[in-house]
Amino acid sequence: EDQVTQSPEALRLQEGESSSLNCSYTVSGLRGLFWYRQDPGKGPEFLFTLYSAGEEKEKERLKATLTKKESFLHITAPKPEDSATYLCAVRSNDYKLSFGAGTTVTVRA
Amino acid sequence: DAGVIQSPRHEVTEMGQEVTLRCKPISGHNSLFWYRQTMMRGLELLIYFNNNVPIDDSGMPEDRFSAKMPNASFSTLKIQPSEPRDSAVYFCASTQRDFYNEQFFGPGTRLTVL
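Protein sequence lines, in the order shown, are assigned to chains A and B.
The first sequence begins at 303 in our numbering and counts up one residue at a time.
The second sequence begins at 6 in our numbering and counts up one residue at a time.
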């Protein structure tokens, strides 16, 4: 069964203080690693999909990278509006996503 | 595009009552998913439909749960009878079935069973 472990559980940052979130996974044949952002009271919002080791994707202050065993979400010079829970998920067939528990990021002004 | 629409947004009911959650997927999407999110178990897939046909219901916790998709623009998740342990946020998501496509989530229904 696919397993996804995210660390840390929570991250408190000062505005401008860059950091990274980790997503470790075990999957029988990766068909995509997904990063979602979830704000309180809302559904997850898609950020990135990565398919192969070495792949990188960027969006504003976020950059996702992928190795054969883990993915990192780097937040560069975060702002308070980057505060959210970030969810990692893996797909090992053509439809099922297995989610991690998430990392809750709080950015203080 | 209005995105995935779910109703109601909040539901409070008493144990033993029937609960029906509703979802309208994004127009043109042919795959629909129901998820449940709790603090203890995170986000779990309950059931997956493709072209209105249930493909994988292995995540449905027990026979009290049932889901239907009578047409491409509407799906329901029913719990009968409801129990306090069913309290959670239920999300519906849709996508155009394709190896590469991401799922788009609705705002969720927060269910509280007293």
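Note that CB positions come from ideal geometry on N, CA and C, so glycine has one too.
For the pair of segments examined, the stretch 88-106 of chain B was found to touch the stretch 35-44 of chain B: the number of CB pairs separated by less than 8 Å reaches three. In this structure, the CA atom of B/LYS73 is about 9 Å from the CA atom of B/PHE79. Inclusion of A/LYS365 and A/THR378 in the CB contact set at 9 Å is warranted, their separation being smaller than that value. Fewer than three Cβ pairs drawn from the stretch 107-118 of chain B and the stretch 53-73 of chain B lie within less than 8 Å of each other, which leaves the two stretches out of contact.
For B/GLU23 and B/GLU67, the gap between their C-alpha atoms comes out near 15 Å.
With a threshold of 9 Å between beta carbons, A/THR408 makes no contact with chain B.
Note on geometry: alpha-carbon atoms of B/LEU119 and B/PRO86 lie some 12 Å from one another. Distance from the CA of A/LEU389 to the CA of A/VAL409, rounded to the nearest whole angstrom, comes to 17 Å. Separation of the CB atoms of A/SER394 and A/SER330 is rounded to 6 Å, and the pair is thereby assigned contact status at 8 Å. Counting of Cβ neighbours within 10 angstroms places B/ALA93 among the buried residues, the total reaching 16 or more. Chain B has a Cβ within less than 9 Å of the Cβ of A/THR351. Residue contact with chain A for B/GLY113: present (Cβ-Cβ distance below 9 Å to some residue of chain A).
Taken in chain order, the unbroken stretches of beta strand (DSSP E) that lie wholly in the stretch 306-338 of chain A and span 3 residues or more are 312-316 and 321-328. Collapsing the DSSP output to three states places A/GLU383 in a helix.
Counting along the chain, the unbroken beta strand (DSSP E) around B/SER12 starts and ends at 10-12. With a beta-carbon spacing of about 6 Å, B/GLU88 and B/MET20 fall inside the 8 Å limit used to define contacts.
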